[in-house]
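Visitor: Residue numbers (the working numbering): 134 to 278.
Submitted below is the structure of interest, expressed as structure tokens.
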Amino acid sequence: MERKVCICGAGTMGRGITMAVAGHGISAILFDSNPDILSGAAAQIERELAQEVEKKRISAIEKEKMIGLISYGQSLQDCRAPLIIEAIIEKIEAKSALFLELARVNSGETIFATNTSSLSVTQIAERTYFPDRIIGLHFSILLTE
Ligand SMILES: NC(=O)c1ccc[n+]([C@@H]2O[C@H](COP(=O)([O-])OP(=O)(O)OC[C@H]3O[C@@H](n4cnc5c(N)ncnc54)[C@H](O)[C@@H]3O)[C@@H](O)[C@H]2O)c1
């Protein structure tokens with residue numbers, strides 16, 4: 134299977150998840166509907182990784198490898214992967230609508246993960262026609278900004 138993850142929503146969580154994915158050597162596509170947020174995310178990720186190099190937590194080569202694994206997308210068409218992790222606004226309608234839209238451009242095997250902190254994963258899944266491919270994920274992420 135292709136080692137690729139699409140992360141939807143380039144806010145605090147989406148940025149951290151993207152770095153975690155790339156840190157494991159997996160290609161990450163960070164998707165957001167807002168172009169300003171997306172360019173802010175690219176700049177912050179670059180800064181965060183530069184700090185990691187300064188603190189000698191990663192090497193400059195590892196940083197460049199991670200940067201090379203991350204791409205940015207503003208169109209739903211960019212968001213094709215075996216695993217999709219959503220970190221968009223905390224609204225059940227928005228999350229299920231996004232999964233429904235993404236199902237149209239992805240294969241019937243793609244797994245959709247929600248990063249919700251307070252909503253019912255079962256209720257999000259029930260709003261789609263592929264509840265067996267919806268899972269919940271919880272991350273512990275610390276960003277410096
Ligand atoms: N530990 C955890 O797992 C944890 C912690 C905090 C928050 N969360 C959850 O993570 C999610 C994101 O939280 P955050 O603090 O990063 O939010 P945020 O507001 O910082 O970022 C949300 C981003 O989603 C984008 N967005 C909104 N609707 C979109 C759509 N339909 N398609 C594409 N992009 C869209 C916005 O432009 C914004 O950049 C929420 O569901 C929140 O409850 C989880």
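Where is the CB? At the ideal position from N, CA and C, for every residue including glycine.
Quick caveat: nothing in here was measured; it's all calculated off a predicted structure.
Counting Cβ pairs, one atom from each stretch, are 3 or more of them under 8 angstroms apart for the stretch 140–149 and the stretch 209–224?
Guide: yes
Visitor: Could you tell me which residues DSSP pairs with Phe245 in its beta bridges?
Guide: Ile217, Ile267
Visitor: Could you tell me the boundaries of the beta strand (DSSP E) in which Ala161 lies?
Guide: 160–164
Visitor: Is there contact between the stretch 199–209 and the stretch 152–160, where contact requires at least three CB pairs shorter than 8 angstroms?
Guide: yes
Visitor: Report whether the distance from the Cβ of Phe272 to the nearest heavy atom of ligand 1 is below 6 angstroms.
Guide: yes
Visitor: Where does Asp165 land, buried or exposed, given buried means 16+ other C-beta within 10 angstroms?
Guide: Classification of Asp165: buried, given that the 10 Å Cβ count is 16 or more.
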